[in-house]
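Residue numbers (this note's numbering): 676 to 1043. We treat Cβ as the ideally placed atom computed from N, Cα and C, and that holds for glycine. As the structure is a computational prediction, the values presented were derived from the model and not from experiment.
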């Protein structure tokens, strides 16, 4: 769920609030409505827990106190506060004994909006030439423990990259369109093939150029060790069932146009990514919507048509939704004066806008 916030009740006893966390965004359920989870534990005997939402745009009756279910045996409390899509709101939590407040806290920034998971290789993480900042301050990032404003570098990635990403531009564009807070959890890992994102034990057939996350099974066959898939699923589980809108996948450069001895076929790529998608949905227990970008760019070879077609075939088969064609972001949008694979400042901004346009087309239909 995330890193808890604790405060004293009496003596050494404490109240621990695990939800909401500061800058947390909850996925809205409809265009105009959602809910905020209030959850935690109390070490000590109390009679009641209550919570309310505060915000200048709320109707007066929306700010009334609501009782939160409390298990007196183990001290666990849990409840949902209905809330309009929007924010950031304040959430106040009070603990009472015999009608008297004995502890309270306020979470200053809580949103009800749109939440996304991002996965893939380096152009999904922090390898851009220039760190980006959100211009709206309505975009937040989740690393599995805490939420914060989504200025680069993005937290929670599986490669510890520290430079720029498309996420601030994406989130800003989404906020300007829908006027609700945007949350993003990035779990990408640079230089990775789709082979390395497979669940543990799945055959990879050919060793990727970067050999990490691939092992040999008891029969000597090359298989994924499952590290990246497990890391992705951990974040998905932390967000909870239906806790985000979609997963945005940007990957393919480490499968297209690879050296001899490291190349898989477009058909293998399509089959492996289909496996990753279906396995993630099964493990999550719900049909996570995926968006898959066209991403095969290399300097000197701006696109690999057979691999682009493999990515597009996932859209046509209904396995994934259409992401942006980032192969269109050629040298003028790439780092080191066009000599690199990663994006420069303008490329990161354009990349984020392209992702927003794809997601907006989907959301406008879903939110009718």
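About 18 Å separates the beta carbon of residue 908 from that of residue 868, a gap too long to meet the 8 Å contact definition. Straight through space, the alpha carbons of residue 695 and residue 712 are spaced by roughly 6 Å. Among the bridge pairs identified by DSSP, residue 787 is matched with 701 and 761.
Here the alpha carbon of residue 974 sits roughly 21 Å from the alpha carbon of residue 836.
Residue nearest to residue 1016 within the set 1031, 927 and 962 is 927 (criterion: CA-CA distance). Under the DSSP assignment, residue 1038 falls in the alpha helix (DSSP H) whose first and last residues are 1020–1041. A distance below 8 Å separates the beta carbons of residue 843 and residue 807. In this structure, the straight-line span from the alpha carbon of residue 743 to that of residue 1021 is close to 47 Å. In its chain, beyond the 5 residues on either side, 697, 698 and 763 have a beta carbon closer than 7 Å to the beta carbon of residue 784. Taking residue 918 as reference, the option from 1043, 963, 902 and 887 with the minimal CA-CA separation is 963. Just measuring C-alpha positions, the residue of 747, 787 and 778 sitting nearest residue 755 is 787. If you draw a straight line from the Cα of residue 855 to the Cα of residue 1042, it comes to about 13 Å.
The continuous stretches of alpha helix (DSSP H) do not include residue 919, and DSSP gives it neither H nor E. At least 8 Å separates the beta-carbon of residue 863 from that of residue 951. In the DSSP assignment, residue 965 forms a beta bridge with 922. Boundaries of the alpha helix (DSSP H) around residue 1013: 1010–1013. Rounded to the nearest whole angstrom, the CA to CA distance from residue 861 to residue 774 is 44 Å.
Listed in chain order, the alpha helix (DSSP H) elements of length 4 or more contained wholly in the segment 851–938 are 902–914. A straight line joining the alpha-carbon of residue 987 with that of residue 1029 spans about 16 Å.
Per DSSP, the continuous beta strand (DSSP E) segment holding residue 745 begins and ends at 741–745. For residue 969, the closest alpha carbon among the candidates 923, 935, 741 and 1006 is that of 923. A straight-line Cα-Cα distance of about 7 Å links residue 994 and residue 949.
Residue 1017 sits in coil when the DSSP states are folded into three classes, being neither helix nor strand. Of the candidates 752, 722, 758 and 753, the residue whose Cα lies closest to the Cα of residue 739 is 758. Take the alpha-carbon of residue 985 and the one of residue 944: they are about 7 Å apart.
One thing to note: residue 941 has its Cβ within 8 Å of the Cβ of residue 981.
Annotation: the continuous alpha helix (DSSP H) that includes residue 982 extends over 980–991. The beta carbon of residue 776 sits closer than 8 Å to those of 769 and 770, all from its chain and outside the five residues before and after it, given in chain order. Contact between residue 1018 and residue 1038 does not hold, since their C-beta atoms are separated by about 24 Å, which reaches or exceeds 8 Å. For residue 747, same chain residues with a beta-carbon under 8 Å away, outside a window of 5 residues either side, are 720 in chain order. With fewer than 16 other Cβ atoms inside 10 Å of its own Cβ, residue 1032 counts as exposed. Looking at the DSSP output, residue 779 bridges to 769. Inclusion of residue 976 and residue 932 in the CB contact set at 8 Å is warranted, their separation being smaller than that value.
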